[in-house]
Every structure is written in structure tokens, then in C-alpha cells.
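Novice: This structure is in C-alpha cells; I'll ask about it shortly.
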Amino acid sequence: MKKSIIAKKKFGQNFLKDKNILSMIIQSMPKNSNHIVEIGPGLGDLTENLVKYKDTTAYEVDTDLIAVLKSKFAIEIENKRFELIHTDVLKAWDEKGSLYKSKYDLIANLPYYIATNIILRAFEDINCENIIVMIQREVAQKFTAKVNNKEYSSLSIITELVSKEARILFDVPPESFDPPPKVVSSILYISKKEKVELDKDFLKFLKVCFSQPRKKLFKNLSGLYKKEFLSNIYNELNIKETLRPHEVDVSLYSQMYTKVKNGKQQS
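Next comes the structure, spelled out in C-alpha cells:
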């Protein structure tokens, strides 16, 4: 059955085949009673390992794979150990607000093209407690980078705000997949804080701050705010105007945003 299925580029499919990597992902799972949600189960190789340990819900958009998975996990579906939902996971979030009715851990090999969006949606999902996902290494580095690191970005700041812990567990070489991707992947682990709400306007502010990451932060902000207004804020917070976005920590960004929001002086 596996050989009759060809990975589809439009869904960003790369099927994980390395049993050692699959085992390492399972060993990384938090020891708790949470349900498991998987996004994009593919041919079910990771799923097969997940359902041995916990009840699992999987979201799959590809109709051809749905048929494969229903056949492969017929017993688990009948026994209510496995629920397979045929839909676009982003639509499911829009419609239901959460991917599961109670606490769950997201464990998945994510399609590269929507991985960042999925993780950000998981941040907003109050029932999602832990995230263990395979994504492109460069993107994983942006989620986990610390201030003064060149990879430090708005994603790093958002992750620091919502997480108790965020780190890369290990890298996964291209040959672990069929077909092999052109990049190295990483397993990203994020344990979320409870009841953290992200201010949408703050996220927009960060987007402006990192609009040109290698430019000075002052330059990026001056496209939206008056320079005199920004200079006053910089002086009040004792920030050097020469700093670039990756050289400013979460606390300072929060303080800057508060002053900008209260001042509301756009250029």
C-alpha cells in the first residue's frame, strides 16, 4: 500500500521512514495524561507509534491518505483509540477554536510551508499544552533563538512570552524521509505556560520591528512613528539608537510597545 502513494508537493509531504528517529520522538513525549493530536499523519508511521501509548486524534487533508489510514488503523478507530479527521487543520481551528476538547500535546511531522502558522495557532489554543514537531531547522532556530543571536526574531519573542521551555531536541537528516527534502529538519519542543494571551497589536508591532532584520530598529520603527516621538521613548528607556532588532530583549520590546501604544503618534 505504501508504494502506491506518491508524496504530493502541494501538501508539502515528506514521509518520515527512519525508525530510530520515530523512536526518539516517542521517547521525547512528556509523561502526562494528555491526549495526543497529530497533524498530517501521512502514511501513519509516527501514528503507529503514538497509538501504542495514548489515544490519538489526527488531522489529514489528503483524501488518498485518508483511505490508507482508515485501512491501516481500522481496529484502533473501531476501539476509539484513534480518531481520524479529514479536513484542513487551519479550518478546524477556525471552526472549533481548539483541536481537542481537553488538554492535549501536539506531536507531528509538519509540512514546511505551513509549519510556522500551525505553531502560532497552537500557541493560541488554550488546550494545547506541549508541542513536539518536526520542522525545517532554520525555522526551529528562529523559535528558540535568544537575544543577540542573529536568528533572534519576532518568533523568538513570541515563544519566550508563551513558553516555560523551548529548545531543539535533535536534528533529522534529509535521508530519513521519502522523498528526502532539500534541507535539514529539527525536532522542536515547546512547553507552554498556562493562560497566556498574546496581544494582537503587540504582534503587529513586532512585525514592524523585524521588517528589515539587519537594519537598525529605530529605522524600522521610523517608517510608522515620528522620529522625535521614538527618540523620546529611546531616551526614557535608555536604548541606543544603533541597536538592531536582534539586540533588544523581550522586556524592552514590551516596554517600548507600552509607550508607543500610550503615545499613539504615528507618522
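Numbering (the numbering used here), first residue to last: 17 to 283. Backbone N, C-alpha and C fix where the C-beta goes; we use that ideal spot for every residue, glycine too.
Between Asn133 and Val155, what straight-line distance do the alpha-carbon atoms span, to the nearest angstrom?
Specialist: Roughly 11 Å separates the two Cα atoms.
Novice: Do Thr73 and Tyr120 have their CB atoms nearer than 9 Å?
Specialist: Going by C-beta atoms, Thr73 is nearer than 9 Å to Tyr120.
Novice: So, under 8 Å CB-CB, Lys112 and Leu100 are touching, yes? Tell me the CB distance rounded to an integer number of Å.
Specialist: Going by Cβ atoms, the distance from Lys112 to Leu100 rounds to 16 Å, so no, they are not a contact pair.
Novice: Between the alpha carbons of Asp187 and Met150, how many angstroms are there, rounded?
Specialist: Cα to Cα, the separation comes out at about 9 Å.
Novice: Taking Asp71 as the reference, give the member of Ser270, Asp80, Asn48 with the closest Cα.
Specialist: Comparing Cα-Cα distances from Asp71 to each of Ser270, Asp80, Asn48, the minimum goes to Asn48.
Novice: Can you name, in chain order, every residue of its own chain whose Cβ lies under 6 Å from the Cβ of Arg137, other than the five neighbours on each side?
Specialist: Excluding sequence neighbours, Arg137 sits near Trp109.
Novice: Closest to Glu263 by C-alpha separation, out of Leu115, Glu181, Tyr168, Glu92, would be which residue?
Specialist: With distances taken between Cα atoms, Glu263 lies closest to Tyr168.
Novice: Do Leu259 and Gln271 have their C-beta atoms within less than 9 Å of each other?
Specialist: For Leu259 and Gln271, no; Cβs fall outside 9 Å.
Novice: Do you know offhand how far Val67's Cα is from Glu54's?
Specialist: Looking at the two C-alpha atoms, the distance is approximately 11 Å.
Novice: May I ask you to report which of helix, strand or coil DSSP gives Ala161?
Specialist: Three-state result, Ala161: coil.
Novice: DSSP beta-bridge partners for Ile52?
Specialist: DSSP, once it has assigned bridges, lists Thr72, Asp121 as partnering Ile52.
Novice: When the Cβ atoms of the stretch 31-43 are set against those of the stretch 180-197, are three or more pairs found closer than 8 Å?
Specialist: Touching, yes.
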